[in-house]
Amino acid sequence: MRRYIRALMLCMVFAVFSGLYVYSKLFYSDAPVGGNGPKRSFIPPRVTGASRGAGGGSIQSTPEPPMHLAVVACGERLEETLTMIKSAVLFSIKRLCLHIFAEDQLHASFMEALESWPGFIRSRFNYTVYSISFPSDNAAEWKKLFKPCQNIPIPYSIQNTEHPLYVDSDILFLQPVDQLWAFLSRFNSSQLAAMAPEHEEPRIAWYSRFARHPFYGTTGINSGVMLMNMTKMRNTFFKNDMTSVGLRWEELLMPLLQKYKLNITWGDQDLLNIIFHHNPEMLLEFPCQWNYRPDHCIYGSNCASAEEDGVYIMHGNRGVYHDHKQPAFRAVYEAIRKYSFGADPVTSLLDPLEEELLKTTHTYCGKSHALFTKKLAHSLANANRKAPRGR
Numbered sequence: 164m165r166r167y168i169r170a171l172m173l174c175m176v177f178a179v180f181s182g183l184y185v186y187s188k189l190f191y192s193d194a195p196v197g198g199n200g201p202k203r204s205f206i207p208p209r210v211t212g213a214s215r216g217a218g219g220g221s222i223q224s225t226p227e228p229p230m231h232l233a234v235v236a237c238g239e240r241l242e243e244t245l246t247m248i249k250s251a252v253l254f255s256i257k258r259l260c261l262h263i264f265a266e267d268q269l270h271a272s273f274m275e276a277l278e279s280w281p282g283f284i285r286s287r288f289n290y291t292v293y294s295i296s297f298p299s300d301n302a303a304e305w306k307k308l309f310k311p312c313q314n315i316p317i318p319y320s321i322q323n324t325e326h327p328l329y330v331d332s333d334i335l336f337l338q339p340v341d342q343l344w345a346f347l348s349r350f351n352s353s354q355l356a357a358m359a360p361e362h363e364e365p366r367i368a369w370y371s372r373f374a375r376h377p378f379y380g381t382t383g384i385n386s387g388v389m390l391m392n393m394t395k396m397r398n399t400f401f402k403n404d405m406t407s408v409g410l411r412w413e414e415l416l417m418p419l420l421q422k423y424k425l426n427i428t429w430g431d432q433d434l435l436n437i438i439f440h441h442n443p444e445m446l447l448e449f450p451c452q453w454n455y456r457p458d459h460c461i462y463g464s465n466c467a468s469a470e471e472d473g474v475y476i477m478h479g480n481r482g483v484y485h486d487h488k489q490p491a492f493r494a495v496y497e498a499i500r501k502y503s504f505g506a507d508p509v510t511s512l513l514d515p516l517e518e519e520l521l522k523t524t525h526t527y528c529g530k531s532h533a534l535f536t537k538k539l540a541h542s543l544a545n546a547n548r549k550a551p552r553g554r
């Protein structure tokens, strides 16, 4: 049920984006925005808000556009979200712009934690903390269907970006975000989003066995990591099973939810599967190593791309970072969470992690532990070269 609420995200993300896009193009500045007052769901450029910059720099320079990363955090997911952000900024090459949508009582905690990070890390990202709100249209219906804050969907007021990358809070980057961002250049003229399959093996896949609605391909798609081209999404008419004419994204979601609300289990992910079932040419699939979950190893290894090159992004869904059901996943999470910026990432993160992973080989996922550190070791070596020397 936690992820069900993200269906709202898909409605919210388009509600104001068209006007916001034009406005931001007129007033765009990549300089940081100062001030206080984090409880905003829309913070115009050059206006006091909850944004925090990535350190001072010449206002005359024009830095390379950042990569935009969006996440939603509610309840007890503060530390989990901070650990995800930590993994993103630790390895990434280009600067990040973080869009954190959180319950109001978490705003101060996010800002305090991020501002406490050392300067050489803070220089790698900007961030904005937003309040969570329901869209004004059909607000009563959304509130009836969803609890107030069970992973509220992708934020609809992300500023100054056409290409948001949404990730669940239980994501861990094991290599630079830049490598995933590069998939944007692979989009053809029809493709407007990129996601990984829900599973590799139809015989044990959830959708092929249990779904009561249309889904993409043979195993469905997983929405925990989703890269989007917002310009295309705003301007596209989507085929659907409700009308003979195409509907825009913001016109499609509520009718779709009304039709299938008794048949969907995973909220936004199910709606995305229905949409791309009817519009498969609009989706770019990236391999399972970019969204590696316990399902890929719990019954034996079944992610071929990870077998070959290692895990690129770990997705600890079903709370596996916080229980003992999948100790290999928990070990990776704990290693990154406990790592102190500035410490040697090999001796302080990789070596202790490999030692802990050796204790998990009694599980199927633990037997595949070499896949968890294959790409991570390379990323940490690069992070070590970027780290400042001395104190």
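Residue numbers (the working numbering): 164 to 554.
We put the CB at the ideal spot given by N, CA and C, even for glycine.
Query: Separation of residue 432 from residue 529, as counted between CA atoms; Result: 28 Å
Query: Beta-carbon gap between residue 451 and residue 364 smaller than 8 Å; Result: no
Query: Cβ pair count under 8 Å reaching 3, the stretch 254–261 against the stretch 277–288; Result: yes
Query: Close-in-space but distant-in-sequence residues of the same chain around residue 523 (CB under 7 Å, 5 per side omitted); Result: 490, 491, 494, 529, 532
Query: CB contact check: residue 428 to chain C, cutoff 8 Å; Result: This model lacks chain C altogether, as it is built from one protein chain only.
Query: Alpha-carbon to alpha-carbon, residue 443 and residue 357; Result: 11 Å
Query: Stretch-stretch touch, CB-based, cutoff 8 Å, three pairs: the stretch 532–545 with the stretch 474–481; Result: yes
Query: Proximal residues to residue 508 (C-beta, below 6 Å), its chain only, five neighbours per side dropped; Result: 543, 546, 547
Query: Residue 539 to residue 520 span [Cα, whole Å]; Result: 13 Å
Query: Burial state of residue 338, where buried means 16 or more other Cβ atoms lie within 10 Å; Result: buried
Query: Proximity to residue 499 [Cα-Cα], best of 355, 336, 255; Result: 336
Query: Contained beta strand (DSSP E) runs [length at least 3] in the stretch 380–447, N- to C-terminal order; Result: 384–391
Query: Residue(s) in a DSSP beta bridge with residue 282; Result: According to DSSP, which records beta bridges pairwise, residue 282 is partnered with nothing at all.
Query: CB of residue 387 within 8 Å of CB of residue 458, strictly; Result: no
Query: Per-residue burial, residue 229 [other beta carbons within 10 Å of its own, 16 or more giving buried]; Result: buried
Query: Unbroken stretches of the beta strand (DSSP E), 3 residues or longer, contained in the stretch 321–366; Result: 327–330, 334–336, 356–360
Query: Those residues which DSSP pairs with residue 260 across a bridge; Result: 231, 289
Query: CA-to-CA distance, residue 464 to residue 541, given in whole angstroms; Result: 22 Å
Query: Among 446, 398, 390, 268, nearest to residue 232 - alpha-carbon criterion; Result: 390
Query: Helix, strand or coil at residue 506 according to DSSP, with G and I counted as helix; Result: coil
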